[in-house]
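Sequence order for the protein chains is Z and B.
Quick note: to get this note's numbering, add 17 to the position in the first sequence (first position is 1).
Quick note: to get this note's numbering, add 17 to the position in the second sequence (first position is 1).
Note that beta-carbon positions come from the ideal geometry of N, C-alpha and C, so glycine has one too.
On a predicted model such as this, the values are computed, not experimentally measured, just so you know.
Notes to accompany the following structure.
Number of protein chains: 2
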Amino acid sequence: MTNPGAAESRAFSAGKRSRARKANGNRVARPAPLREVVHDAILEMIIDRTLRPGQHLAEGELAAELGVSRQPVREALQRLQTEGWIDLEPAQGAFVHTPTEQETVQLLSVRVLLETHAAELAAAPPSEADTARLWELQRAGEAAVAADDRGAMVKANAELHAFITELSGNAVLQELIGIVNRRVQWLYTSVARQRSKDAWAEHAELIEAITGGKPDRARELMHAHITRTAEAIRTGPDTAH
Amino acid sequence: MTNPGAAESRAFSAGKRSRARKANGNRVARPAPLREVVHDAILEMIIDRTLRPGQHLAEGELAAELGVSRQPVREALQRLQTEGWIDLEPAQGAFVHTPTEQETVQLLSVRVLLETHAAELAAAPPSEADTARLWELQRAGEAAVAADDRGAMVKANAELHAFITELSGNAVLQELIGIVNRRVQWLYTSVARQRSKDAWAEHAELIEAITGGKPDRARELMHAHITRTAEAIRTGPDTAH
DNA sequence: CCGCGGTATTTTGCATACTGAAGACTGCAG
DNA sequence: CTGCAGTCTTCAGTATGCAAAATACCGCGG
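Here is the structure:
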């Protein structure tokens, strides 16, 4: 397995050290590396727009604000750069990345390619337990829509797509989709409210195709789904916040 | 991105950094971040098998060997982990990643998906200059085969695929293919000798399809090409060295 | 002979200190 | 008032130091 940093790239579970989660079968609770905490903290600030695109980030400043030394901050920033969240200018510091129109289009285009493939593979079909999990995530998403909770919508959406990707059984594909989707999530946040209702209806159809063991239909549905989301992102963001 | 080639291969010499070395008329002397140099140096050692899969790597050890402090080494190692080259064990150090059979299959499978798409996009068709560049790379590859120079074969192969990817015009796609292909390159090295002759014949056809502006044919050819290379990697490595 | 406890070593993780570069600001000269 | 030069501040890049954690090793007791 790729083991893309089982502990490393748990990019967005939000928040502080989640040591209670023994996610990856670690024997005993491990103190959660500070660089990870810092990484997640900064990422969360970027995703929730506390840090705005183009904003300048100084190591020392962030370090002081988070109450740690520059070292963990530095390492977190470098990882954020490889993930495309910030731009690290050689001698001046970090800037929150501002995605260009073109880049957005390209990102969404690649997402179609990857997720479509993943959906096809996922329709193996999945096991009983996985099927149950799919519907569980679906319910969570519908609940978020019903509650008009944008944060929950984004989270549920990310989790469902991540799980379908996982069902593809291809760890490399999963890793790449993870990279792409974390960036898409940032864009999706802007349109979550207006897009989520339709999106979760499409999710339901998609899950049926996957659990029904219909790869071709799953592919079609995922293609249409991702394309529509891409369209929503392209046309414009939510009006209010 | 990895920015390969920029860094000198290996700086085993002790001593400090060779700063202010504006070697070849670059407009301004660039400090060449040490972490990049270290990253490229370690990566090259992994690719050329100086560092073997499963081998243990200690920060201090590498630092001493490369004549730098632990800090740049540490940052380089973290990046190598995110790229899948090494596994960073929490309290014990880094280990050169050993790809499993399954992982190899998955990697090659994803490569088919991505490169096939890239080839299709590349057949826009490319400009005159790009066409010339394609044939230039083709000649370099054929020369490497003629000279039976494995290193040159691998290099030329990587460059041609990278350039076709670039022609796709999708930077995100290019980035992902870069990640995948650097790992594939590691595998390809083992079979370069036995595979290259056929591979470069296929490359020639592929280039014709691309420059001829035939996306469908380019896709087909790339699909067949990548699949055959995958097959070669799966079946086994070179006999001799 | 085998198991267990304790110590020693190795290695990461984090913090701090130092250096050099790049930009901002200020003061002076034209 | 404007342009230029020198200084001053800020910040990244790098090195070093210190402490905690995990493993390996050694010796002792059963």
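Proximity of residue i and residue j at Cβ, strictly below 8 Å
i	j	result
Gln202 of chain B	Ile63 of chain B	no
Leu138 of chain Z	Ile224 of chain Z	no
Thr115 of chain B	Pro70 of chain B	yes
Ile59 of chain B	Leu105 of chain B	no
Thr182 of chain B	Ala135 of chain B	yes
His240 of chain Z	Thr133 of chain Z	yes
Ala141 of chain Z	Gly230 of chain Z	yes
Val90 of chain B	Glu76 of chain B	yes
Ala249 of chain B	Leu238 of chain B	no
Asp233 of chain B	Leu184 of chain B	no
Arg251 of chain Z	Ala209 of chain Z	no
Leu74 of chain B	Leu68 of chain B	yes
Gln123 of chain Z	Ala164 of chain B	no
Thr121 of chain Z	Leu204 of chain Z	yes
Gly110 of chain Z	Arg200 of chain Z	no
Close Cβ partners of residue i (< 6 Å) along its chain, the five nearest in sequence each way excluded
i	result
Ala173 of chain B	Ala157, Gly158, Ala161
Ser213 of chain Z	Val162, Met170
Ala247 of chain Z	Leu125
Tyr236 of chain B	It should be noted that the sequence gives Arg, not Tyr, for residue 236 of chain B. Excluding positions up to five away in sequence, the list reads Thr133, Ala136, Glu137.
Amino acids of chain B, ordered along the chain, whose beta-carbon sits closer than 7 Å to that of residue i
i	result
Asn187 of chain Z	Gln123, Ser126, Val127
Neighbourhood of residue i by C-beta distance below 8 Å, restricted to the same chain and skipping five residues each side
i	result
Gln72 of chain Z	Phe112, Val113
Asp215 of chain Z	Arg245
Gln119 of chain Z	none
His178 of chain Z	Glu132, Ile194, Asn198
Leu190 of chain B	Leu131, His134, Ala135, Leu138, Thr182
Ile243 of chain B	Leu125, Arg128, Val129, Glu132, Thr133
Gln155 of chain Z	Leu177, Trp217, His220, Ala221, Ile224
Pro143 of chain Z	Leu151, Leu184, Ile227, Thr228
Gly42 of chain B	With a pLDDT of 33 at Gly42 of chain B, under the threshold of 50, the predicted position of this residue should be treated as unreliable, though the coordinate-derived value follows. Excluding residues within five positions, none has a Cβ falling inside 8 Å.
Val85 of chain Z	Leu51, Val55
Residues that residue i contacts on chain Z, provided the C-beta gap is smaller than 9 Å
i	result
Arg96 of chain B	Gln95, Arg96, Thr99
Proximal residues of chain Z, C-beta to C-beta of residue i below 7 Å
i	result
Leu151 of chain B	Going along chain Z, no residue has its Cβ under 7 Å from Leu151 of chain B, so there is no contact; the nearest lies around 22 Å.
Other residues of its chain near residue i: CB distance less than 7 Å, five sequence neighbours each side excluded
i	result
Val272 of chain B	Any property of residue 272 of chain B remains undetermined from this structure, which presents chain B solely from 18 to 258.
Lys33 of chain B	In this prediction, Lys33 of chain B scores a pLDDT of 30, lower than 50, which makes its location untrustworthy; no coordinate-derived value is stated.
His56 of chain Z	Ala93, Arg96, Leu97
Arg87 of chain B	Glu76, Gly77, Ala80
Arg44 of chain B	Reliability of the predicted coordinates at Arg44 of chain B is poor, the pLDDT of 38 falling under 50, and no value is obtained from them.
Gly186 of chain Z	Leu138
Chain B contact residues for residue i, given Cβ-Cβ distances below 9 Å
i	result
Leu193 of chain Z	Val127, Leu131, Leu193, Ile196, Val197
heavy atom of the ligand GTP below 7 Å from residue i C-beta
i	result
Leu60 of chain Z	By its list of ligands, the structure shown contains no ligand whatsoever, and the ligand GTP lies outside what it can speak to.
Residues of the stretch 127–144 of chain Z whose Cβ lies closer than 8 Å to any Cβ of chain B, in chain order:
Listed by position, the residues of the stretch 127–144 of chain Z near chain B (Cβ gap below 8 Å) are Val127, Leu130, Leu131, His134.
Please list the residues of the stretch 78–92 of chain Z that have a C-beta atom closer than 9 Å to any C-beta atom in chain B, keeping them in chain order.
Taking 9 Å as the Cβ-Cβ cut-off, the stretch 78–92 of chain Z approaches chain B at Gln88, Arg91, Glu92, given in chain order.
Run through the stretch 112–161 of chain B for me and flag every whole alpha helix (DSSP H) of 4 or more residues, listed as ranges in chain order.
Fully enclosed alpha helix (DSSP H) runs of 4 or longer: 118–139.
Using a Cβ-Cβ cut-off of less than 8 Å, give me the residues of the stretch 219–250 of chain B that come near chain Z, in sequence order.
Listed by position, the residues of the stretch 219–250 of chain B near chain Z (Cβ gap below 8 Å) amount to none.
Entirely enclosed alpha helix (DSSP H) segments - the stretch 187–244 of chain Z, minimum 4 residues
Segments of the alpha helix (DSSP H) lying fully in the stretch 187–244 of chain Z: 188–228.
Going residue by residue through the stretch 46–114 of chain B, where are the continuous alpha helix (DSSP H) segments of at least 4 residues, counting only ones entirely within it?
Within the stretch 46–114 of chain B, the runs of alpha helix (DSSP H) at least 4 residues long that lie entirely inside it are, in chain order, 51–64, 76–83, 87–99.
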